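Engineer: Under the working numbering, the first residue of the sequence shown is numbered 18, with each subsequent residue one higher.
Using N, Cα and C, we set each Cβ at its ideal position, and we do this for glycine too.
Quick caveat: nothing in here was measured; it's all calculated off a predicted structure.
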Amino acid sequence: MKKIRYRDLPIIIVGSLLIAQFIIGLNNESFFKLIFYPAYYIDLLGVSAIVFLVWFVIRAITIRLDQKLSWEIRFTQRLFYQLLFGIGGMALLSLILTVLHFTFVIRQDIREGTFFVYEYPIGVIIIVLLNGYYFSYYHYALNRINQLKISRLKNRLESFQENTGSQQIDEETPELNPRTIIVSTGAHQVPLAIEGIRLAFKKGERVNLFIEDGNDYLINQTLEELEKRLPEASFFRVNRQAIVHFKACKSFQSIENGKLKLILDLNEEPLIISQKRAPAFKKWLAEASH
Numbered sequence: 018m019k020k021i022r023y024r025d026l027p028i029i030i031v032g033s034l035l036i037a038q039f040i041i042g043l044n045n046e047s048f049f050k051l052i053f054y055p056a057y058y059i060d061l062l063g064v065s066a067i068v069f070l071v072w073f074v075i076r077a078i079t080i081r082l083d084q085k086l087s088w089e090i091r092f093t094q095r096l097f098y099q100l101l102f103g104i105g106g107m108a109l110l111s112l113i114l115t116v117l118h119f120t121f122v123i124r125q126d127i128r129e130g131t132f133f134v135y136e137y138p139i140g141v142i143i144i145v146l147l148n149g150y151y152f153s154y155y156h157y158a159l160n161r162i163n164q165l166k167i168s169r170l171k172n173r174l175e176s177f178q179e180n181t182g183s184q185q186i187d188e189e190t191p192e193l194n195p196r197t198i199i200v201s202t203g204a205h206q207v208p209l210a211i212e213g214i215r216l217a218f219k220k221g222e223r224v225n226l227f228i229e230d231g232n233d234y235l236i237n238q239t240l241e242e243l244e245k246r247l248p249e250a251s252f253f254r255v256n257r258q259a260i261v262h263f264k265a266c267k268s269f270q271s272i273e274n275g276k277l278k279l280i281l282d283l284n285e286e287p288l289i290i291s292q293k294r295a296p297a298f299k300k301w302l303a304e305a306s307h
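1. Sorted by chain position, which residues of the same chain lie with C-beta nearer than 7 Å to Ala158's C-beta, five sequence neighbours on each side aside?
2. Nearest to Tyr98 by CA position, among Leu114, Thr79 and Ile113, is which residue?
3. Does the Cβ of Arg257 have 16 or more other Cβ atoms within 10 Å, making it buried, or fewer, making it exposed?
4. With DSSP as the reference, please indicate the residues paired to Pro208 in a beta bridge.
5. Closest to Ile198 by C-alpha separation, out of Asn232, Glu175 and Arg246, would be which residue?
6. Report the partner residues of Asn45 according to the DSSP bridge assignment.
7. With a CB to CB cut of under 8 Å and the five nearest residues on each side skipped, what residues in its chain are close to Pro287?
8. When you compare each of Glu212, Ala217 and Lys300 to Glu242 by their alpha carbons, which one comes out closest?
9. List the residues that DSSP assigns as beta-bridge partners of Asn225.
10. Which of the three DSSP states, helix, strand or coil, is assigned to Lys20?
11. From Gly213, Lys219 and Phe53, pick the residue whose C-alpha is nearest to that of Ile228; which is it?
12. Return the first residue and the last residue of the beta strand (DSSP E) that Lys299 is part of.
13. How many Å lie between Thr93 and Val71 at the Cα?
14. Can you tell me which of the three DSSP states Lys276 falls into?
15. By alpha-carbon positions, which one of Asn225, Ser271, Val74 and Asn284 ends up nearest to Lys293?
16. From Leu165, Phe73, Ser251 and Val224, pick the residue whose C-alpha is nearest to that of Phe102; which is it?
17. Return the CA-CA distance between Phe252 and Val261, expressed in angstroms with no decimal places.
18. Just grab the DSSP bridge partners of Gln270 for me.
19. DSSP on Ala56, reduced to helix/strand/coil?
20. In the DSSP output, what is His262 paired with across the bridge?
21. Return helix, strand or coil for Leu62, following the three-state DSSP convention.
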């Protein structure tokens, strides 16, 4: 799956200033009176820096968890770690930073004011809302990506049909067409032309198909079932986890014990081919390349 890119740095900067102003104004005079006090600007700068840092770390945690635990596959685990690090950890970080701000900038004992009564609980609520913001951002962006995938698949399929002269595929029974495979993208199932597949990779119970533009799609088949449908002249089962198209084979090199390391023309990790399958792979690749 394509990684979600959070292009929201301007939002973080502006949002940090607005949140800081909101927090400062909780137990102070109106904004129009505060602007005449020099101490206000020092406080605003300090609180804005705290909010920015906490927000940015939440963003970094979210990106890291996106890479390791996607919402749609491991929802329960993802929710646990998002709560642990994205909310619990950030509540602790904001407390530490605020104590430092009170101690070294404001030079006031944090226990003397209303921080733990008003500002801190509201700050925790803001942290929860920021996590909710990234949850919503993720699913909105994912839906946009899936819509784009569907559009590209339809265009590729129409082009494939025009080039091969094949008949229009019945959307109700697309699996009957030997030149297509049904893939899942979001809540949709669409036909994918076999000629566009470059790699089939099994991870856990999931099997994903990667096409030449780098997009990947989930299929509701095992790797063994898929292997039977793919033409042997173009596809090779390199190991228990992967089937590769010859056009995806960028290079290979010998490694220990007669194994091969296959470098792909995709942004994926190299594949390891066993000593037993190495000769068959070399023969297949030489024949497929001609």
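Structural biologist: The relevant details are as follows:
1. Ile21
2. Thr79
3. exposed
4. Paired residues: Ile199.
5. Of Asn232, Glu175 and Arg246, the residue nearest in Cα terms is Arg246.
6. The partner list for Asn45 (beta bridge, DSSP) is empty, contrary to what the question assumes.
7. Lys278, Leu279, Ile280 and Leu281
8. Ala217
9. Phe218 and Leu235
10. coil
11. Gly213
12. Premise fails: Lys299 lies in the alpha helix (DSSP H), Ala295 to Ala305, not in any beta strand (DSSP E).
13. Approximately 24 Å, taken between the alpha carbons.
14. coil
15. Comparing alpha-carbon positions, the option among Asn225, Ser271, Val74 and Asn284 lying closest to Lys293 turns out to be Ser271.
16. Phe73
17. 5 Å
18. Lys278
19. helix
20. Phe252
21. The answer is helix: DSSP assigns Leu62 an H, G or I state.
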